[in-house]
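Asker: One structure, as structure tokens, below. Some questions next.
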Amino acid sequence: KQEVTQIPAALSVPEGENLVLNCSFTDSAIYNLQWFRQDPGKGLTSLLLIQSSQREQTSGRLNASLDKSSGRSTLYIAASQPGDSATYLCAVRRGANNLFFGTGTRLTVIP
Amino acid sequence: ETGVTQSPTHLIKTRGQQVTLRCSSQSGHNTVSWYQQALGQGPQFIFQYYREEENGRGNFPPRFSGLQFPNYSSELNVNALELDDSALYLCASRFSPLAGDHNEQFFGPGTRLTVL
Chain B
1 KQEVTQIPAA LSVPEGENLV LNCSFTDSAI YNLQWFRQDP GKGLTSLLLI QSSQREQTSG
61 RLNASLDKSS GRSTLYIAAS QPGDSATYLC AVRRGANNLF FGTGTRLTVI P
Chain D
1001 ETGVTQSPTH LIKTRGQQVT LRCSSQSGHN TVSWYQQALG QGPQFIFQYY REEENGRGNF
1061 PPRFSGLQFP NYSSELNVNA LELDDSALYL CASRFSPLAG DHNEQFFGPG TRLTVL
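Quick mapping for you: the protein sequence lines, in order, are chains B and D. Note that the first sequence covers residues 1 to 111 in my numbering. Note that the second sequence covers residues 1001 to 1116 in my numbering.
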């Protein structure tokens, strides 16, 4: 059974810092990995999708990497802003159906 | 392009009642999945619909059921509500070709269900 772990559970940083969020998964036979952002009580916003054949994806200040063999992904956020405060979830897709989610990292960026 | 929409936004029910949640998929998407997210947890897969048929199911009892309509919109029905069913219910859609589906999933804003 696929298990997804995100460390740390919570993170607080001053505005302007670069930061890294970690995601690990137990079964490396994945189709792809997605990073999402979730604001309190809201739905999920897709940030980046990395296919299993790719090693990284970039969008603006966000960069996600994937090391499938070791079961790890990182989300790098450059020059953090207070508007980046949210919970960040990673999810892996194995097979034709569902995503397996971690429990998320709650990020607070202090002005 | 309209994204994934869900209704209602919030719902309060009592134990034992039945509830129906609705989801409209993003334009061009033919596959809909439903997830349950308890407070402080990651979303858990309930089931998926493709071409109006359920083609995948997570570890949820049969009182969780669904439908997909010809326009690819979907419903989630929950019978005999229990207190533990209180959660945020999320709908996701994507386009699934006949083969090689590695596409991105897009989520709606969710329906917050409270069972008293």
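Every residue, glycine too, gets a C-beta built ideally from N, C-alpha and C.
#1: In three-state DSSP terms, what is residue 83 of chain B?
#2: Taking the alpha-carbon positions, what's the residue 16 of chain B to residue 1016 of chain D distance?
#3: Looking only at its own chain, which residues have a Cβ that is under 7 Å from the Cβ of residue 84 of chain B, when we skip the five neighbours before and after it?
#4: Would residue 1088 of chain D and residue 1048 of chain D be called neighbours here (beta carbons separated by less than 9 Å)?
#5: For residue 43 of chain B and chain D, any beta-carbon pair shorter than 9 Å?
#6: So who's on the other strand from residue 7 of chain B, going by DSSP bridges?
#7: Since residue 4 of chain B contacts residue 91 of chain B with CB under 8 Å, what's their CB separation in whole angstroms?
#8: Would residue 1030 of chain D pass as an interface residue toward chain B - the criterion being a Cβ-Cβ separation below 9 Å?
#9: What did DSSP end up calling residue 39 of chain B once you bin it into helix, strand or coil?
#10: Report the rounded CA-to-CA distance for residue 45 of chain B versus residue 1085 of chain D, giving the unit in angstroms.
#11: In three-state terms, what does DSSP make of residue 67 of chain B?
#12: Taking the Cβ atom as the reference point for each residue, do residue 79 of chain B and residue 73 of chain B lie within a distance shorter than 9 Å?
#13: Between the beta-carbon of residue 26 of chain B and the beta-carbon of residue 51 of chain B, is there less than 9 Å?
#14: State the Cα-Cα distance for the pair residue 992 of chain D and residue 29 of chain B, rounded to the nearest angstrom.
#15: Determine whether the Cβ of residue 1063 of chain D lies closer than 9 Å to any Cβ atom of chain B.
#16: Show which residues of chain D have a CB atom less than 8 Å away from the CB atom of residue 97 of chain B.
#17: Closer than 7 Å by beta-carbon distance: list the chain B residues that pair up with residue 1052 of chain D, in chain order.
#18: Can you give me the Cβ contacts of residue 1056 of chain D inside the same chain, cut-off strictly under 7 Å, excluding the 5 residues immediately before and after it?
#19: Taking CB distances under 9 Å as the criterion, tell me whether residue 1112 of chain D reaches chain B.
#20: Residue 43 of chain B to residue 1093 of chain D, Cα distance in whole Å?
#21: State the DSSP-derived secondary structure class of residue 1081 of chain D, mapped to helix, strand or coil.
#22: Given a threshold of 16 other Cβ atoms within 10 Å of its Cβ, counted over all protein chains shown, does residue 1109 of chain D qualify as buried or as exposed?
Answerer: Considering the structure as presented:
#1: helix
#2: 50 Å
#3: By the criterion of a C-beta distance shorter than 7 Å, residue 84 of chain B is surrounded in its chain by 77, 107 and 109, once the five residues flanking it on both sides are discounted.
#4: no
#5: yes
#6: B/22
#7: 7 Å
#8: no
#9: coil
#10: 24 Å
#11: DSSP places residue 67 of chain B in strand when its eight states are reduced to three.
#12: no
#13: Judged by their CB atoms, residue 26 of chain B and residue 51 of chain B are not nearer to each other than the 9 Å cut-off.
#14: Outside the shown range of chain D, which is 1001 to 1116, sits residue 992 of chain D, and nothing can be said about it.
#15: no
#16: 1033, 1045, 1048, 1055 and 1056
#17: Those do not exist, as residue 1052 of chain D stays about 16 Å from chain B at its closest Cβ, beyond 7 Å.
#18: 1047 and 1048
#19: Chain B, which has a Cβ nearer than 9 Å to the Cβ of residue 1112 of chain D, makes this yes.
#20: Across the structure, residue 43 of chain B and residue 1093 of chain D are spaced so that their CA atoms are roughly 13 Å apart.
#21: coil
#22: buried
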